[in-house]
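J.: Before we start, here is the structure in question, set down as structure tokens.
Number of protein chains: 2
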Amino acid sequence: MTSIDQLSTPALVVDKATFEANLDAADAVLPGDRLRPHVKAFKSTAIAAELARRGHRNFCAATPREIEGMVAAGHTDDLLLANESLDLARLGALTDVASITVAVDSDTILEAAVAAGIDQVLIDVDVGLPRCGCSPEQAPKLADLARARGLTVRGVMGYEGHLMMIEDRAERIEKVAESMAVLAAVAVEVGGDIISAGGTGTFDVNTVATEIQAGSFTLMDSDYARLDGPFRPALSVLATVISVNPKGWIVADAGIKAIAMDHGNPIWDGGDVLFCSDEHATLVLQDPGQWKVGDRVRLTPAHIDPTVARHESLWLLDDDRVVEHWPVDLRGW
Amino acid sequence: MTSIDQLSTPALVVDKATFEANLDAADAVLPGDRLRPHVKAFKSTAIAAELARRGHRNFCAATPREIEGMVAAGHTDDLLLANESLDLARLGALTDVASITVAVDSDTILEAAVAAGIDQVLIDVDVGLPRCGCSPEQAPKLADLARARGLTVRGVMGYEGHLMMIEDRAERIEKVAESMAVLAAVAVEVGGDIISAGGTGTFDVNTVATEIQAGSFTLMDSDYARLDGPFRPALSVLATVISVNPKGWIVADAGIKAIAMDHGNPIWDGGDVLFCSDEHATLVLQDPGQWKVGDRVRLTPAHIDPTVARHESLWLLDDDRVVEHWPVDLRGW
């Protein structure tokens, strides 16, 4: 196709070799349905298609729009809204063409699913992260209510998000085992055959889950990459140097609107990121005179999920050659 | 139109009375062309139209796409790309239908403007913020080169962004005066009649600039609102409570993908924001039992510009009634 030099900036670029190595590493540990890829991380049905080709055909999502987009792209086998929502009528309208399951953690969410005509649920259980999920005690009652309302209870879900970033592997294994023991006990009481949990940080240490909900491993956060896992950052933000200041900095045309900052500044291998403003990154370095306006830099974001959500396109690179355009077609809510 | 209860969440909502009071306050200090509204803050041609109705018909922008969108919406009188770009051919294609001026701070950017067929420039000068802008010494040479290449030099530009958040007004006045004295001196050497500078934080203390580039005042950052100015936050993110945990928190369906986090957590007047993850805000409070799933909360973002850029729509509210839909039609680059 085209050269990287022809891309308008800022642009999200994906290194093909790293991306494929990440997928290979996931396949090796989590073949087929053992991985339920989370589309919230990459928001692109093109990447979902690549995962489906590798045998991972059941997906999960965080928003109704992600589910709608996956159905529109033909990924209809087994879609899980791994999040609570009251905006379920949109998904109920798709149950004729797709198998859709939703997470529920309260009577109110459950009744919204019933009203929407969604007939498959997972009971979402609090496993230690202060976010969604009912208490372990409440879960069997909610499952009984679901069955009484005519729904199929496929099993349980729990997200040990608070344990993803524990750097010491032995400690991570121990804490995940504790958290998942709760979920496994609840699963027996709830019934069904799914225990859905995990993420990129625990993909190979969560041995209780029947399926792992991971997505970030595909493009990989630089923050996650501090862990011991096999995944490497494949995503960077390509930017153009638009100003060179002899006082010691250069300015690239990618800032807060192009790069998620919630986990901190992006990483630049040419020097330090002084600060990012809305549309700019100011980069400091020993010898700015080596740089000229028009040069390109690549910034590696600390957190990929919200970075991808800011862009319309991902560009797949084989070295410096653009070999594919992946629309970010699952943005919004 | 509709009720706020019918909006899908997360949704960006604007309080009409506060928005109009913010515009009134700006009008009083900066009538007509004294204000050059910066569309990067609100990214909506509907808000631009409201400002134009009030007599502010010259706009500035940070990206080529913002300029393209403004031209498409008929705002063609006097558009300034207040940023350096090499992607100028797109704007050169619009010079038959719109008056377009671009900022230049190097020979390379200047030649890109010439190549694109853009014939009006401002010389962008470094006034202390470590970002774009040539040195004061370089500015007259760049102006000479521009004239030699057949361009009209309309004046100078300089952004004192490093002074916007000085809380003590007297100190802010003093520092802005120092910074702008540099720009005023350069303006004499450069020629032209425009001194374009300032922002919401210095809108009434920058008395050197012939026009103030402000945009955030319309919707207003909660961070900026700490200053002494007359502007109040008009923008909030409407979210739905999707989970209530008796341990002491509730979860709303608006997170990092819906709210800019670079200036910190949003503000919630019902309690504390414990943390935001991709699609959730976990809110802690004394008595979570007072809340139920389906309730709505409003979160006030610390930084509006990158928050707006994450959404497709702004909804104008008269109390709890939705009175207008403003598409966020200037997103992207």
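Chains V and D, in that order, are what the protein sequence lines are.
Residue -5 is where the first sequence starts when you use the working numbering, and the numbers rise one by one after that.
Residue -5 is where the second sequence starts when you use the working numbering, and the numbers rise one by one after that.
In this text, a Cβ means the ideal position worked out from N, Cα and C, and glycines have one as well.
Computed from a predicted model, the values in this text were never measured in an experiment.
When you compare only the Cα positions, how much space is there between Gly192 of chain D and Met151 of chain D?
T.: The alpha-carbon atoms of Gly192 of chain D and Met151 of chain D are separated by roughly 9 Å.
J.: Beta-carbon of Asp323 of chain V versus every beta-carbon of chain D: anything under 8 Å?
T.: Not an interface residue.
J.: Can you tell which of V:Glu62, V:Gly63, V:Ala87 and V:Leu24 has the C-alpha that lies nearest to the C-alpha of His50 of chain V?
T.: Here the closest residue by C-alpha is V:Leu24.
J.: Could you list the residues in the region 80 to 92 of chain D with a C-beta less than 7 Å from some C-beta on chain V, going in chain order?
T.: Listed in sequence order: Leu80 and Asp81.
J.: Got a sec: is the Cβ-Cβ distance from Ser38 of chain V to anything in chain D below 8 Å?
T.: False, the Cβ-Cβ gap to chain D never drops below 8 Å.
J.: For Thr3 of chain V versus Ala228 of chain V, is the C-beta distance shorter than 8 Å?
T.: No, these two residues do not count as a Cβ contact at 8 Å.
J.: Please list, in chain order, the chain D residues whose beta carbon lies closer than 9 Å to that of Pro4 of chain V.
T.: Under the 9 Å cutoff, chain D gives Trp327.
J.: With DSSP run on the structure shown, which of helix, strand or coil describes Arg28 of chain V?
T.: Here Arg28 of chain V sits in helix by DSSP.
J.: Could you tell me which of D:Pro260, D:Glu273 and D:Ala203 sits nearest to Ala178 of chain D, measuring between CA atoms?
T.: It is D:Ala203.
J.: Alpha carbon to alpha carbon, what distance is there between Ala67 of chain V and Arg143 of chain V?
T.: Roughly 31 Å separates the two Cα atoms.
J.: Leaving aside the five residues before and after Pro224 of chain D along the sequence, list all residues of the same chain whose C-beta is less than 7 Å from its C-beta, in chain order.
T.: Hits under 7 Å: Ala19.
J.: Just grab the DSSP bridge partners of Thr276 of chain V for me.
T.: V:Val245 and V:Phe269.
J.: Scan the region 73 to 156 of chain V and note each continuous beta strand (DSSP E) run of 3 residues or more that stays entirely inside, going in chain order.
T.: If we require 3 residues or more, the beta strand (DSSP E) runs fully inside the region 73 to 156 of chain V come out as 94 to 98, 114 to 118 and 146 to 152.
J.: Lys34 of chain D: buried (16+ other C-beta within 10 angstroms of its C-beta) or exposed?
T.: Looking at its Cβ environment, which holds 16 or more other Cβ atoms inside 10 Å, Lys34 of chain D is buried.
J.: Name the residues in the region 59 to 78 of chain V whose C-beta lies less than 7 Å from a C-beta of chain D; which are they?
T.: Within the region 59 to 78 of chain V, the residues whose Cβ lies closer than 7 Å to some Cβ of chain D are Asn77 and Glu78, listed in chain order.
J.: Tell me the DSSP secondary structure of Asn16 of chain V in three-state form.
T.: The answer is helix: DSSP assigns Asn16 of chain V an H, G or I state.
J.: Tell me which residue opens and which closes the alpha helix (DSSP H) that Ile61 of chain V is part of.
T.: Looking at the DSSP string, the run of the alpha helix (DSSP H) that includes Ile61 of chain V is Pro58 to Ala66.
J.: Roughly how many angstroms lie between the CA atoms of Leu6 of chain D and Arg292 of chain D, to the nearest whole one?
T.: Their backbone Cα atoms lie some 9 Å apart in a straight line.
J.: Is there a Cβ from chain V that is less than 8 Å from the Cβ of Thr102 of chain D?
T.: Taking Cβ atoms only, chain V reaches closer than 8 Å to Thr102 of chain D, which makes this a yes.
J.: Please list, in chain order, the residues of the region 21 to 46 of chain D that have any C-beta partner in chain V closer than 9 Å.
T.: Correct list: Lys34 and Ala35.
J.: Chain V beta carbons: is any one of them nearer than 8 Å to that of Thr234 of chain D?
T.: Yes, Thr234 of chain D lies at the interface with chain V (some Cβ there is under 8 Å from its Cβ).
J.: Could you spell out the range, first to last residue, of the beta strand (DSSP E) harbouring Ser190 of chain D?
T.: First-last of the beta strand (DSSP E) with Ser190 of chain D: Ile188 to Ala191.
J.: Please classify Gln0 of chain V: is it buried, with 16 or more other beta-carbons within 10 angstroms of its beta-carbon, or exposed?
T.: The residue is exposed, with fewer than 16 neighbouring Cβ atoms inside 10 Å.
J.: Check each residue of the region 236 to 260 of chain D: if its Cβ is closer than 8 Å to any Cβ of chain V, include it; give the result in chain order.
T.: Correct list: Ile236, Ser237, Val238, Asn239, Pro240, Lys241, Trp243, Val245, Asp247, Ile250, Lys251, Ala252, Ala254, Met255 and Asp256.
J.: Does the distance from the CB of Ser100 of chain D to the CB of Val278 of chain V come in under 8 Å?
T.: Taking 8 Å as the Cβ cut-off, Ser100 of chain D and Val278 of chain V do not qualify as a contacting pair.
J.: Near Leu311 of chain V, what residues of its chain come up, given a Cβ to Cβ distance below 8 Å and the 5 sequence neighbours on each side ignored?
T.: Correct list, in chain order: Ile(-2), Val7, Val8, Asp9, Lys10 and Val317.
J.: Under a three-way DSSP split, which group does Ala296 of chain V fall into?
T.: Coil at Ala296 of chain V, not helix or strand.
J.: Helix, strand or coil: how does DSSP classify Pro282 of chain V here?
T.: In this structure, Pro282 of chain V counts as helix in the three-state DSSP scheme.
J.: Have a look at V:Ile253, V:Val108, V:Ser93 and V:Ala181 and flag the residue whose alpha-carbon is nearest the alpha-carbon of Leu139 of chain V.
T.: When only C-alpha atoms are compared, the closest one is V:Val108.
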